[in-house]
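All remarks here apply to the structure that follows.
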Amino acid sequence: MQDNYSLAKCEQYGRRLASRLCQQHFGPQPDATLDGPALLKFTPIRQLNLLVVRQLLGRWQHEAQQLRSPYFNFEAEAVRTALTQFMNVLSRHIRLDRAALEPLLAQAAADTLLLAADPALAFERLLLPAASADADEPVPVTELRDALRYLDQDKEYYQAFVDSLPSSNAPLSRDFLVQRFALYQAKHTKAVDAMPRLVAAFSALLPLTEADLWDDGPATPAPTPASEPVATPAPAPAPAPTPVASPPAPASAEPSTPPAPESPAPAAPPAEEPAPTNAVPLYEKLKATQPTAASPLASTLRHSAQGGASPLAERSAPKVGSLREAISINQRFSFINELFNGENMEYHAAIQHLDSLPTADAAMAYVRQELANSHDWSRKEEHVGKLLKLIERKFATT
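Under UniProt numbering, the first residue of the sequence shown is numbered 1, with each subsequent residue one higher.
Spelled out as structure tokens, the structure:
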């Protein structure tokens with residue numbers, strides 16, 4: 001069931017909902033703020049409220065780390081005690097205005113839907129600590145138990161998994177935990193009505209149906225506009241619809257956001273256009289679409305083509321059916337940290353969208369017009385090259 005849902009659409013709805021709720025609360029009182037108790041009761045969906053608090057905790061801990069200095073001993077007992085006391089006092093004085101709350105609320109709504117849409121990804125995002133530069137850094141089981149405090153929806157499901165882990169206190173690798181959860185999920189299928197119940201709760205706040213969150217698949221109209229600008233260079237106005245399918249950035253939503261879900265519905269051009277896509281290597285096509293040779297992405301592609309394996313060797317690499325499955329765990333952490341600035345959801349939404357595109361041309365347009373610009377990949381030649389080779393293998397003719 002989870003593969004039928006679009007993470008990008010969950011995020012899209014999250015931004016619309018956050019805009020609606022914040023407008024209702026802050027519209028009559030623009031200077032109002034929320035404290036901790038009010039935050040826990042801000043919406044009737046307890047899970048959503050808890051995930052807002054979870055994000056606050058994460059940012060709070062990150063800011064506490066910034067206090068550390070090489071000039072002082074932060075491990076001294078007196079310092080640790082004083083710092084803990086300070087943070088405890090600070091936690092009782094939460095104050096959020098609209099500008100601070102809205103992006104947190106949007107992400108929390110998307111993560112709440114994620115729990116029903118993709119339990120495996122929800123486990124990685126909401127229970128595992130954020131991926132660090134060291135992909136092999138072990139995870140203490142106590143951190144997983146602490147993360148359970150912020151789950152209300154299906155908490156027993158995740159609690160049972162944590163309880164099934166080895167009883168020793170030794171930290172476990174992320175790779176082991178991800179694989180172990182996959183086995184657990186295969187043996188303990190979640191209730192099929194989890195998403196319908198959640199959609200009903202959200203719909204009371206802002207109309208929503210399950211169909212609004214479905215992943216339209218490779219034959220949907222949404223990816224097609226992205227292929228028009230690159231399939232034939234002549235039609236210049238075609239790029240206008242391209243941003244429709246881009247994965248949403250976790251920025252605060254604007255009041256004008258509500259029309260966004262209508263965008264994936266324009267009439268689809270004929271599906272036969274994907275045919276002439278694989279005659280030329282992917283990096284050559286993308287390089288040809290760049291306005292100047294100095295374009296960072298074009299330079300990256302050119303460097304990848306010259307410094308990597310020969311075209312014959314690359315063509316002999318096995319074709320991949322899905323980028324999500326072809327990307328190794330180490331590569332995934334590398335891409336998240338280097339290409340998506342540590343934003344796990346942005347990475348997964350982008351890969352899911354690339355997997356849904358029907359042609360290499362559409363993938364090129366998406367990489368060139370959306371990802372490379374929004375994430376500034378001008379100095380990420382090595383990682384961009386690896387991603388492009390995987391995309392080329394996905395759309396290989398043999």
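From the three backbone atoms N, C-alpha and C, an ideal C-beta is built for every residue, glycine too.
Being a predicted model, the structure only gives us computed values, none of them experimental.
- Relative to the Cα of Glu343, the nearest Cα in the group Leu126, Ser378, Val162 belongs to Leu126.
- Of the candidates Ile391, Gln179, Leu17, Ala38, Ile391 places its Cα closest to the Cα of Pro358.
- The beta carbon of Ala396 sits closer than 6 Å to those of Lys319, all from its chain and outside the five residues before and after it, given in chain order.
- Boundaries of the alpha helix (DSSP H) harbouring His348: 344-356, taken from the DSSP string.
- In terms of Cα proximity to Ser203, the closest of Ile45, Gly385, Cys22 is Ile45.
- Taking C-beta atoms under 8 Å as the contact rule, Glu102 and Ala18 qualify, at a distance of about 5 Å.
- By the CB criterion at 9 Å, Asp31 and Asp97 fall inside the cutoff.
- Residue environment for Lys394: buried (at least 16 other C-beta atoms within 10 angstroms of its C-beta).
- About 4 Å separates the beta carbon of Arg54 from that of Tyr150, a gap short enough to meet the 8 Å contact definition.
- With respect to the 9 Å criterion, Leu114 and Arg174 are not classified as neighbours on the basis of their beta carbons.
- In this structure, the CA atom of Ala8 is about 9 Å from the CA atom of Glu346.
- A check of alpha carbon separations from Pro196 across Ala182, Ala120, Ala116 identifies Ala116 as the nearest.
- In this structure Leu148 is not in contact with Val139, their Cβ atoms being roughly 14 Å apart against a cut-off of 8 Å.
- From the listed residues Gln107, Ile327, Pro119, Leu354, the smallest Cα separation to Asp216 is found for Leu354.
- Counting other Cβ atoms within 10 Å of its Cβ, Ala109 reaches 16 or more and is therefore classed as buried.
- Inclusion of Phe181 and Phe86 in the CB contact set at 9 Å is not warranted, their separation being larger than that value.
- Burial is judged here by how many other beta carbons sit within 10 angstroms of a residue's own beta carbon; Gln47 has at least 16 and is buried.
- With fewer than three CB-CB distances shorter than 8 Å, the region 78-85 does not count as touching the region 9-28.
- With fewer than 16 other CB atoms across the displayed protein chains lying within 10 angstroms of its CB, Thr189 is exposed.
- For a cut-off of 8 Å, the C-beta gap from Lys389 to Glu338 is around 15 Å, too long to register as a contact.
- Here the alpha carbons of Leu104 and Leu56 stand approximately 8 Å from one another.
- In the same chain as Ser322, and ignoring 5 residues on each side of it, the C-beta atoms closer than 8 Å to its own belong to Asp355, Lys394, in chain order.
- If you ignore the 5 residues before and after Leu205, its C-beta comes within less than 8 Å of the C-beta of Leu17, Arg20, Leu21, Thr43, Pro44, Ile45, all in its own chain and listed in chain order.
- For His93, the number of other beta carbons within 10 angstroms of its own is below 16, and it is reported as exposed.
- For Tyr5, the three-state secondary structure derived from DSSP is strand.
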